[in-house]
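Here's the structure we're looking at; comments come further down.
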Amino acid sequence: MDFWSRLLSPLSSATTRQDQAKDPAKRLHRFEKEYASLLSTWRTSSNLSRDSDAAETLEIRLQDLTNILSDESRRPLPHPCIQYASIKQIYVPIGKIATTSHNEWIIKEAVLFFATLIESEEEAFVENPSFSASLTNLLVRITGVNSVRLGLDTESRVVELAFNITTKIRLDPDILPAWFKVAQSPGGFQLQGDRSTEANNDKFTGLTQRADFPLFYILMDYIHHEGKVGDFARTGLLYIIEAASNSAPLEQWIVESDLSTLMATGLGALYSQLSRKLVIDHLPHDLPPILALSDYEHPQSSYEVVSSCSSEFQSHLETFLSHLLFWQDVLNHCRSVEVKSTLLEHFQVIFLQQLLYPSLLESSDIDGGSSVAVLTYLRRILESLDHPDMINLILHYLLALPDNLPSKPVTERPSISAARRRKSMDLATMMAEKTDLSATPLLFNLVDLILACLRSRNQQTIHVTLQLVSAILKRHHRYAVLTLLRTELLPSKPAERTVGAHEQEVDYVMELAGSIGGYANFDATYDYILKDTMARLESHPCSLRLVAPKVSTNNHKLPALPDSLPGAPKEVREHTLRPDDPLLNAILDLMESFFLNPVEANLSVTETLVDLAVCGYMCVEGWLVRSPAGYKYMDDDDDEVEKMSTTDNGNKAADEESSASKEEHVLQSLQRCRQRPFWDEESIPRLLSLIHVLTKQVLKYRETIPRFDELLQQRREAFLTADSILDNPAPARKGSVQHAAMHGTPDRPSMDEVMRAGSPSKPSALEGFAQRLLSELGTPSRASSPRGPRSSGTSTPAEARDYNKALPPTPSSVGLGISRSMSPSSTPHDDTRSHNEDEDLSASRVAEFSAMDQTILAKRVGVPDRKMKPIPLDLTSRRTMLEVPEMALSDDEDEDEDSEADAVNANIAADESEYAEPEAEEETATVTVSHILTNVIVFQSFLMELAALMQVRAGLFDEVKYV
């Protein structure tokens, strides 16, 4: 070969390869050559696991074959290489090479080769029994127990290949016989054969084998995996179950297979991995501001007691919930009644009866948090599921509802029904020895556990119990009626409360909220809460039938409930909560110590009380507002109290009455409905009386805690600043702390910096911690801080109205000599010289003011009563404040303020020894003033939410009578 020939030989060879790819004959010749070389290398190598050169050669040859087939499938016809692979069945030896090689790289290339043949959609590879047998043998051998350990990428390609096959089966059910085969008997399909003899009965257990449908079990082995592998496996299994509705043999095979057993035991295994003892906690940098500004202490965790913020616990919980959602997806895709019934039966027996209920029964709040754990798991289960069958099964069993199953309809497939009955009998026999018949929900159900936990001394137990109750009330209210709640049905025409009584009650609650003060625009804040309450009422599942529009002008039928199931509770009718309801009174008992409770508990208490009244079929008269039957009115002429029946709508008028007299009677009825009833404390529900008592406690705190209004305003500004950062994220220094933390931004502002920018006179609880701001605290529908307009300053309560009896007095601030706020964002009450003060306070003086506030915030107080003594002030700090040049007072003014403070203290002490020192033997719970301030803000937000609930219900559900 001369010089030019040697120089041009590479170019000519490249050109020849491109020509071979374009020419079908040359492409086929190259394909046959590569395949022959592959077989030669395989046959000459005795042990591929030790012969690395031969293994590498086989890998390269397989890769070349796959590339040729992939390239040819994208070119125009003809495709001789694909035809050659189908005619010569080259996939058979390639499958054997991969199964005997024990080499992951060869296995990976073989899987890609089979996937390329399937994706070509030619020569009907998927329908070919020889192709399916070779591929299933490969998949079974490489995923078996004694197979080589596959890497994540190879494993993902294996499961993806199985998923692609199920996709083909879903699109074309005729492909199923090539992959699903069962033994045939002379009488036909063996699963449908006669089982009357003892020999056939002995063959029932284990009748369905993995060899009948290997692809099904391959996917079953991977449904618990995470990432793409688990997604492919779960979706492929859903496609197979969906295909069972088109194939009676497959449907019967699935019924008698161990699908339901494997799924139920797998779910139980994941549940058993969850910690038996749990404490609810937050990471230090994730602590919500509402907890940071209280007496929150991180609970102690140990080897047995796991923290809820642990990454390992969160991973286990998410894995369990994802598999639970897979159960839901299976039921949603399953159109076979028999398969669905089998799955639900195993779910109840294996998971509910053997695991979930015993864990609830054995739980306790004195052994380190087992009650906290199981109640949290149950709440997450109920919040995650929305399939009516699963919800009905769980709550029907745990609440011990009576069975109300209709007669079973005649099925068109008696053999499948017989198979399901045999499966049920086998399950009952298997579980008979394991089931403790003495422990059933008939003796101790979920209601008993909830009521017991609400009286626990463990605050975390109370908190998670209220969260569970709230989840049931919001999502599954009809299961709570007559079980969790002690209710009674209303008559067809119940008495309605009048518009005058309604306005009186709304104003009563709003006056209590306004007496606390603190909002510059009270109406705008209340309007925001009204909109939030309206959306909450409209989204309740029970309210759908009340607020949904009519179907048409001629068809006024209400929309049917989407989850009306056999055995489920009947449709919710109009009912009311009895005043002696144990759940209601247990919650109100918790409210009596509202300001000393943990903030988390108070948020759950107020959330649950609102959820009790959200349902449109729940009548709030008698337990939330006054009952119309107890209205009393003041006679304008005789000044005597007389009873009036609210159901009197003018029916007493005689038929011979003239039109003028009828009109006059209507006007009198209209005027009577607008009249406000006498405020009789005997007819006031316990809830309204309790919020009155709590408001009076705020008054006492204002009297005994120095600078109470200013400190409360600073606390409110701290929450408003936190909300503004969450609602209005910005890239600058006011950027969203939560967004920065989620993306790992290192330069996010700390909570201390945010509060320092908002108010220089910050509480001590804000110092020393940096955190992300969370807008919610464990209860999805309640904000962690009260919502309101982004403004500061105290507000003037609305003008009091005449209720024919005085409402509780609006608390007023008591001057204690130093009641001026040193924060520029606060509004002083009595200082007329605030505009003449110089703003050049030194940093040291501001620090002294802040230290004085911190001293007050750190003081511990209890429930205000007759024995409560006002918090004494540090005279040194007080004199230091009075000596500030810019704020200096004359000696006369100083003496006047001293005498004023002394007079106030003397009057308080002289009032029947109301604030005497408590006796030494009495041990009362105490919290810091900072904790009291946070709970006061939560209480005020609850009052406005309660008033909004009354007002929105009256308009949305037409509960108020005007005439």
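In terms of the numbering used here, the sequence shown has 1684 at position 276, counting the first letter as 1, and numbering is strictly consecutive. Each residue gets a CB set at the ideal place from its N, CA and C atoms; glycine is no exception. These numbers come from a predicted model, not from an experiment.
Cα-Cα separation, residue i to residue j
i     : j     : result
E1904 : L1783 : 38 angstroms
C2023 : E1659 : 41 angstroms
K2369 : T1906 : 5 angstroms
D2366 : V2106 : 35 angstroms
L1786 : L1560 : 34 angstroms
K2267 : E2090 : 38 angstroms
L1739 : T1750 : 11 angstroms
G1503 : S1540 : 11 angstroms
E1664 : P1432 : 50 angstroms
L1763 : A2255 : 58 angstroms
S1460 : I1505 : 14 angstroms
H1871 : A1860 : 13 angstroms
L1546 : P1707 : 53 angstroms
V1354 : V2360 : Because the chain in this structure spans residues 1409 to 2371, residue 1354 falls outside the shown range and cannot be described.
N1654 : S1481 : 32 angstroms
I1774 : S1947 : 38 angstroms
R1944 : S2097 : 26 angstroms
Continuous alpha helix (DSSP H) stretch holding residue i: start and end
i     : result
Y1936 : 1930-1946
H1983 : Not the alpha helix (DSSP H): H1983 falls in the beta strand (DSSP E), residues 1983-1985.
V2344 : 2337-2364
Y1625 : 1622-1628
L1496 : According to the sequence provided, residue 1496 is Lys. The question's Leu does not apply to it. Here the alpha helix (DSSP H) through K1496 covers 1488-1496.
L1686 : Here L1686 belongs to no alpha helix (DSSP H); instead the beta strand (DSSP E) covers 1685-1687.
K2267 : No alpha helix (DSSP H) holds K2267; DSSP gives it neither H nor E.
V2379 : Residue 2379 falls outside the range modelled here, since the chain spans only 1409 to 2371, and no answer is possible.
W1513 : 1512-1528
V1637 : 1635-1651
I1802 : 1796-1806
K1978 : K1978 -> no alpha helix (DSSP H), and no H or E assigned at all.
N2005 : N2005 -> no alpha helix (DSSP H), and no H or E assigned at all.
Assigned exposure category for residue i - 16 Cβ within 10 Å defines buried
i     : result
G2363 : exposed
S2227 : Low local confidence applies: a pLDDT of 28 at S2227 is under 50, so the model's placement there is unreliable, and no value is given.
I1515 : buried
R2110 : buried
G1922 : buried
N1455 : exposed
K1685 : buried
E1529 : exposed
D1935 : exposed
Element boundaries [beta strand (DSSP E), containing residue i]
i     : result
E1896 : 1895-1897
V1713 : 1713-1715
K2040 : 2040-2042
Cut-off 8 angstroms between Cβ atoms - residues of its own chain near residue i, not counting five sequence neighbours on either side
i     : result
L1682 : F1721, H1724, L1725, F1728, A1781, Y1785
L2119 : I2113, P2171, D2261, I2264, L2265, V2337, L2341
I1858 : T1873, L1876, V1877, L1892, L1991
S1709 : V1687, D1689, S1715, S1718
R1788 : L1725, L1729
M2358 : H1910, E1913, V1914, V1917, V2028, L2032, V2033
Interface flag, residue i vs chain C, CB-CB below 8 angstroms
i     : result
T1750 : Of the protein chains in the structure, only one exists, and it is not chain C.
Cut-off 7 angstroms between Cβ atoms - residues of its own chain near residue i, not counting five sequence neighbours on either side
i     : result
R1578 : Y1647, E1650, A1651
T2334 : R2268, V2269, G2270
P1537 : A1586
A1672 : H1754, F1755, I1758, F1759
P1501 : L1447
R1549 : T1507, S1555
L1670 : M1628
H1741 : L1646, I1649, E1650
Own chain partners of residue i with C-beta closer than 6 angstroms, once the 5 adjacent residues on each side are dropped
i     : result
R1886 : P1977, V1980
K2108 : P2272
L2354 : V1917
query: Using 8 angstroms as the threshold, is the stretch 2011-2031 in touch with the stretch 1976-1989, meaning 3 or more CB pairs across them?
result: Enough Cβ pairs lie closer than 8 angstroms, so yes.
query: Counting pairs of beta carbons, one from the stretch 1733-1751 and one from the stretch 1636-1648, are three or more of them closer than 8 angstroms?
result: Because the criterion of three Cβ pairs below 8 angstroms is met, the stretch 1733-1751 and the stretch 1636-1648 touch.
Three or more C-beta pairs below 8 angstroms linking the stretch 1687-1703 and the stretch 2006-2021: Yes, since at least three Cβ pairs between the stretch 1687-1703 and the stretch 2006-2021 fall closer than 8 angstroms, the two stretches touch.
field: Cβ contact check for the stretch 1790-1804 and the stretch 1698-1718: 3 or more pairs under 8 angstroms
entry: No, because fewer than three Cβ pairs between the stretch 1790-1804 and the stretch 1698-1718 fall closer than 8 angstroms, the two stretches do not touch.
- prompt: Taking three-plus beta-carbon pairs below 8 angstroms as touching, is the stretch 1552-1571 in contact with the stretch 1513-1527?
  reply: As far as the Cβ criterion goes, the stretch 1552-1571 touches the stretch 1513-1527, which means the pair count is three or higher.
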